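Chemist:
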Ligand SMILES: NC(=O)c1ccc[n+]([C@@H]2O[C@H](COP(=O)([O-])OP(=O)(O)OC[C@H]3O[C@@H](n4cnc5c(N)ncnc54)[C@H](O)[C@@H]3O)[C@@H](O)[C@H]2O)c1
Ligand SMILES: [Fe+2]
């Protein structure tokens, strides 16, 4: 067996409705601390969704600095401004309460507020030299798994997505309350759920760091997500489907935090960066086409995943692998989200630029089971067009 290392968040609390007791829970976790920075976005703040959580924080003596100006695919200036506010307030604990965007900003605040490094100095893998403030994550989407990953993604400059990857970004505590996800609209449920499925799939083919624990988590993630995604789309109030999606997304996060994602994400990032599409939708648009490109090199893994998601699975590996890809394509179709680049305002003339930008995602491309050249990327975008 290959030697491996597996890291994850030490404490998980999974409980429907637990946001209503958030103040008490954090009291137990951090006795003696009182200045808390809550990082969320404007929509969640205005929607009232997080009001019960905020009320319980107040009732339990937490002095809250509320940062609610996170936007999807957060630009670096938002992080820098938020860090300066949190520093002036002398915050002692950081809580990410929202989708991947809010949780990613929370991670960076926890590092930047007590530290001496600038945001630019920590881009890349393992560039953080200091520690961080106590950090808690509470997702409101079942998608990114950011609550258990050591990854934070920001938009640098106008359009490029850059990652910070470092063990310091793993939270002390992740709290999963599926009640927070019951109001997520169909399209967002689909896109975030497919993002989570892609995390599981790419973890299974991750070229260097895939290991028995990440495989086990990714397969279970895919099993849970594939059986509940359409249920959650069709009936947002289906508690079992929402709970299972949130758990599956977390398993997928634990998997890809240790066995990193690859070409689907590398080709999705330029779509999100340039055209401001939701992260999960960008992934869904290229998913079947990247998998068809990979299939010859990943046939055994895709066949194994076919056995996880499909009822009759007694064929030869190549047939199974192809059926797995077809299955994913039909699931994306059933969710009703757009399926072609041309359907989301991307022109044929934009494809070479996308291919050029995808090549910048070297951190991700090295994990792909098959090397991807710029010409390959362009061919994949053409297939997705
Ligand atoms: N750190 C990681 O490991 C990791 C992994 C994958 C993606 N990402 C990043 O995460 C971001 C995407 O995160 P996301 O997909 O969770 O979306 P998001 O956080 O960008 O939120 C998208 C939209 O959904 C809304 N929303 C969130 N929860 C809701 C709810 N319960 N009900 C109604 N609306 C709700 C938000 O207000 C926002 O308008 C991207 O920046 C992506 O690059 C990070
Ligand atoms: Fe993702």
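In our numbering, the protein residues as written are 22 to 406. All C-beta atoms, glycine included, are put in the ideal place defined by N, C-alpha and C. Because the structure is a prediction, the values reported are computed rather than measured.
Classify residue 22: buried if its beta carbon has 16 or more other beta carbons within 10 angstroms, exposed otherwise.
Modeler: Here residue 22 is taken as the residue at index 1 of the chain shown, counted from 1. Result: exposed.
Chemist: Give the C-beta separation of residue 267 and residue 107 to the nearest angstrom, bearing in mind that I take them to be a contact with Cβ-Cβ under 8 angstroms.
Modeler: Numbered from its first residue, the chain shown carries residue 267 at position 246. Numbered from its first residue, the chain shown carries residue 107 at position 86. No, residue 267 and residue 107 are not in contact; Cβ-Cβ is about 27 angstroms, not under 8 angstroms.
Chemist: Give me the Cα-Cα distance between residue 299 and residue 270, rounded to the nearest whole angstrom.
Modeler: Indexing the chain shown from 1 puts residue 299 at position 278. Indexing the chain shown from 1 puts residue 270 at position 249. Cα-Cα distance, rounded: 17 angstroms.
Chemist: Leaving aside the five residues before and after residue 228 along the sequence, list all residues of the same chain whose C-beta is less than 8 angstroms from its C-beta, in chain order.
Modeler: As a first step, residue 228 must be located in the chain shown, where it is residue number 207. Counting only Cβ-Cβ distances below 8 angstroms, and skipping sequence neighbours, we find 283, 387, 388, 389, 390.
Chemist: Give, in chain order, every unbroken run of the beta strand (DSSP E) that is at least 3 residues long and sits entirely within the region 186-250.
Modeler: 194-197
Chemist: Taking only three categories from DSSP, how would you classify residue 182?
Modeler: Here the question's residue 182 lines up with position 161 in the chain shown. Strand at residue 182.
Chemist: Could you have a look at residue 70 and say whether DSSP puts it in helix, strand or coil?
Modeler: Taking the chain shown and counting its residues from 1, one reaches residue 70 at position 49. Three-state result, residue 70: coil.
Chemist: Do the region 44-63 and the region 205-224 make contact, defined as three or more Cβ pairs closer than 8 angstroms?
Modeler: no
Chemist: Taking the straight line between their C-alpha atoms, what separation do you get for residue 147 and residue 187?
Modeler: Counting from 1 along the chain shown, the entry for residue 147 is found at position 126. Counting from 1 along the chain shown, the entry for residue 187 is found at position 166. For residue 147 and residue 187, the distance between alpha carbons rounds to 5 angstroms.
Chemist: Among 204, 170, 180, which residue has its Cα nearest to the Cα of residue 190?
Modeler: To locate residue 190, count along the chain shown from 1; it is residue 169. Answer by Cα proximity: 170.
Chemist: Could you say which of 149, 93, 156 lies nearest to residue 113 if we only look at CA atoms?
Modeler: On the chain shown, position 92 is the one that residue 113 refers to. The shortest C-alpha separation from residue 113 is found at 156.
Chemist: Under 8 angstroms from any heavy atom of ligand 1, does the C-beta of residue 137 make it?
Modeler: Residue 137 sits at position 116 when you count from the first residue of the chain shown. If you check the C-beta of residue 137 against ligand 1, you find no heavy atom less than 8 angstroms away.
Chemist: Between the alpha carbons of residue 396 and residue 377, how many angstroms are there, rounded?
Modeler: For the purposes of this step, residue 396 is taken as the residue at position 375 of the chain shown. For the purposes of this step, residue 377 is taken as the residue at position 356 of the chain shown. Going by the C-alpha atoms only, they are around 9 angstroms apart.
Chemist: Spatial neighbours of residue 244 within its chain, please: C-beta separation below 6 angstroms, excluding the five flanking residues on both sides.
Modeler: Indexing the chain shown from 1 puts residue 244 at position 223. Excluding sequence neighbours, residue 244 sits near 329.
Chemist: Would you list the one or two residues that DSSP bridges to residue 159?
Modeler: As a position in the chain shown, residue 159 is number 138, starting the count at 1. Residue 159 pairs with 118.
Chemist: Write down the C-beta distance between residue 143 and residue 185 rounded to the nearest angstrom, noting that I regard them as a contact closer than 8 angstroms.
Modeler: What you label residue 143 is simply residue 122 of the chain shown in a count that begins at 1. What you label residue 185 is simply residue 164 of the chain shown in a count that begins at 1. Cβ-Cβ separation between residue 143 and residue 185: approximately 5 angstroms, consistent with a contact (criterion under 8 angstroms).
Chemist: Give the range of the beta strand (DSSP E) segment to which residue 149 is assigned.
Modeler: Locating residue 149 in the chain shown gives position 128, where the first residue counts as 1. It is not in any beta strand (DSSP E) - residue 149 carries neither H nor E in the DSSP assignment.
Chemist: Can you find a heavy atom of ligand 2 that lies under 8 angstroms from the Cβ of residue 94?
Modeler: Locating residue 94 in the chain shown gives position 73, counting from the first residue. For ligand 2, not one heavy atom lies less than 8 angstroms from the Cβ of residue 94.
Chemist: What's the C-alpha gap between residue 361 and residue 254?
Modeler: Counting from one through the chain shown, the residue named residue 361 turns up at place 340. Counting from one through the chain shown, the residue named residue 254 turns up at place 233. Roughly 20 angstroms between the two C-alpha positions.
Chemist: Can you have a look at residue 382 and say buried or exposed, based on whether 16 or more other CB atoms are within 10 angstroms of its CB?
Modeler: For the purposes of this step, residue 382 is identified with residue 361 of the chain shown, where counting begins at 1. Residue 382 should be labelled buried.
Chemist: Roughly how many angstroms lie between the CA atoms of residue 127 and residue 74, to the nearest whole one?
Modeler: One-based indexing of the chain shown puts residue 127 at position 106. One-based indexing of the chain shown puts residue 74 at position 53. Residue 127 and residue 74: Cα-Cα distance of roughly 17 angstroms.
Chemist: Less than 9 angstroms between the C-beta atoms of residue 281 and residue 223, yes or no?
Modeler: For the purposes of this step, residue 281 is taken as the residue at position 260 of the chain shown. For the purposes of this step, residue 223 is taken as the residue at position 202 of the chain shown. Taking 9 angstroms as the Cβ cut-off, residue 281 and residue 223 qualify as a contacting pair.
Chemist: Can you find the residues in the same chain that come closer than 6 angstroms, C-beta to C-beta, to residue 327, ignoring five residues on each side of it along the sequence?
Modeler: Indexing the chain shown from 1 puts residue 327 at position 306. Result list for residue 327: 334, 341, 344, 345, in chain order.
Chemist: So residue 198 packs on residue 37, CB below 8 angstroms; how close in whole Å?
Modeler: As a first step, residue 198 must be located in the chain shown, where it is residue number 177. As a first step, residue 37 must be located in the chain shown, where it is residue number 16. Right, the Cβ-Cβ distance comes to about 6 angstroms (below 8 angstroms), so this counts as a contact.
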